[in-house]
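Visitor:
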Amino acid sequence: MFSQIKLLLFVFTILGVGGGYMYVKNLQAENEILTLNNQKLTDAVDEQQAVIEQQLADIEQIQNINADLNKINKGLEKDLQILDEKYNKINASGQRRDVGDLALNKPRSVELIMNKYNKDNNRCIAIASGEPLTEEEINATRKSQANSVCPDLANPNYIPY
Amino acid sequence: MRDTVIEVLKSHFGNDRDINDNTHMMDDLGGDELDILDVIVQVESALDISIPEQETFDVRLVSELLEVVGRHVQSD
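Each protein sequence line maps, in turn, to chains A and B.
The opening position of the first sequence corresponds to residue -12 in my numbering, with each subsequent residue numbered one higher.
The opening position of the second sequence corresponds to residue 19 in my numbering, with each subsequent residue numbered one higher.
Structure follows, in structure tokens:
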């Protein structure tokens, strides 16, 4: 009887130890899985953080490009306005000159005038790049002698009309 | 014909402008090459004439304009 109780106690002890061992092993396995999952989440968060930082950098770059484009656009609008005032200016009677109409009526004349403007424009670029003024440019005092695009630059003795 | 040309010039550059044969349309009236071309087109329209382009390339003085226009008013 006593030996049966001892045997039972022994069996219960073995079962308890075995169960505890299994429980701990199970916990360790779950812990490993949790650790792995946690690592994966940490990696995912890091990746997302990197993506967010890249997106912020991209947004900043896009904003800078937009700002540059806006500046260029404003410059072009100003240039367009200057060209519009130059080519389609309003006469003393309030009538707006239409270069398109003139080009239809007198194509060769308009072509020659535009060629002269182009030549004057190229000369302006050359002067701005450091080419010295010619005697003719220095001595120009009348509008018909002056550079039509950049008289301020090309003709120091010309007082604009 | 002369009156019409002067009228077009005054309408284009200003009624208060002193315009005579020796007036330079760029140096004295402040116009540019396109203004001169515009004036020529207006004169053609006012007098119902047509002036070949090559005859007007070098027109700068009012006298030169009158001369070119005069040739075509007589011949048209």
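We treat Cβ as the ideally placed atom computed from N, Cα and C, and that holds for glycine.
Bear in mind that the values here come from a model prediction, so they are computed numbers and not experimental data.
#1: Less than 8 angstroms separating the beta-carbons of B:Val26 and B:Ala64?
#2: Which class does A:Ile77 belong to by DSSP, given the choice of helix, strand or coil?
#3: So, does the CB of A:Leu99 fall closer than 8 angstroms to a CB anywhere in chain B?
#4: Would you kindly check if the distance between the Cβ of A:Ile100 and the Cβ of B:Leu47 is under 8 angstroms?
#5: Just verifying my parser: in three-state terms, what is the DSSP assignment at A:Leu120?
#6: Sorted by chain position, which residues of the same chain lie with C-beta nearer than 6 angstroms to A:Glu124's C-beta, five sequence neighbours on each side aside?
#7: For the structure I just gave you, are there three or more beta carbon pairs, one from the segment 87 to 94 of chain A and one from the segment 105 to 118 of chain A, closer than 8 angstroms?
#8: Give me the subset of the segment 43 to 62 of chain B whose CB atoms are less than 7 angstroms from a CB atom of chain A, sorted by chain position.
#9: Evaluate the contact criterion for the segment 64 to 75 of chain B versus the segment 31 to 44 of chain B: three or more CB pairs, one atom per stretch, below 8 angstroms.
#10: Can you have a look at B:Gly49 and say buried or exposed, based on whether 16 or more other CB atoms are within 10 angstroms of its CB?
#11: Can you give me the start and stop residues for the alpha helix (DSSP H) that A:Tyr145 sits inside?
#12: Suppose you measure from the CA of A:Ala79 to the CA of B:Asp34; what does that come to, to the nearest Å?
#13: Does DSSP put B:Leu79 in a helix, a strand or coil?
#14: Is the segment 73 to 89 of chain B touching the segment 54 to 61 of chain B, taking contact as three or more C-beta pairs under 8 angstroms?
#15: In the DSSP assignment, the alpha helix (DSSP H) including A:Gly166 goes from what residue to what residue?
#16: Does any residue of chain B have a CB that is nearer than 8 angstroms to the CB of A:Asn78?
#17: According to the neighbour-count rule (16 or more other Cβ atoms, all chains shown, within 10 Å of its Cβ), is A:Asn60 buried or exposed?
#18: Can you give the Cα-Cα distance for A:Val97 and A:Leu89, rounded to whole angstroms?
Guide: So, from the listed chains and residues:
#1: yes
#2: strand
#3: yes
#4: no
#5: coil
#6: Ala141, Asn142
#7: no
#8: Listed by position, the residues of the segment 43 to 62 of chain B near chain A (Cβ gap below 7 angstroms) are Met44, Asp45, Gly48, Asp50, Glu51, Leu52, Leu55, Asp56, Val59.
#9: Put simply, the segment 64 to 75 of chain B does not touch the segment 31 to 44 of chain B. Fewer than three CB pairs are less than 8 angstroms apart.
#10: buried
#11: Neither: A:Tyr145 is in no alpha helix (DSSP H) and is coded neither H nor E.
#12: 10 angstroms
#13: strand
#14: With three or more CB-CB distances shorter than 8 angstroms, the segment 73 to 89 of chain B counts as touching the segment 54 to 61 of chain B.
#15: Here chain A covers residues -12 to 148 and nothing more, so residue 166 of chain A does not appear.
#16: yes
#17: exposed
#18: 7 angstroms
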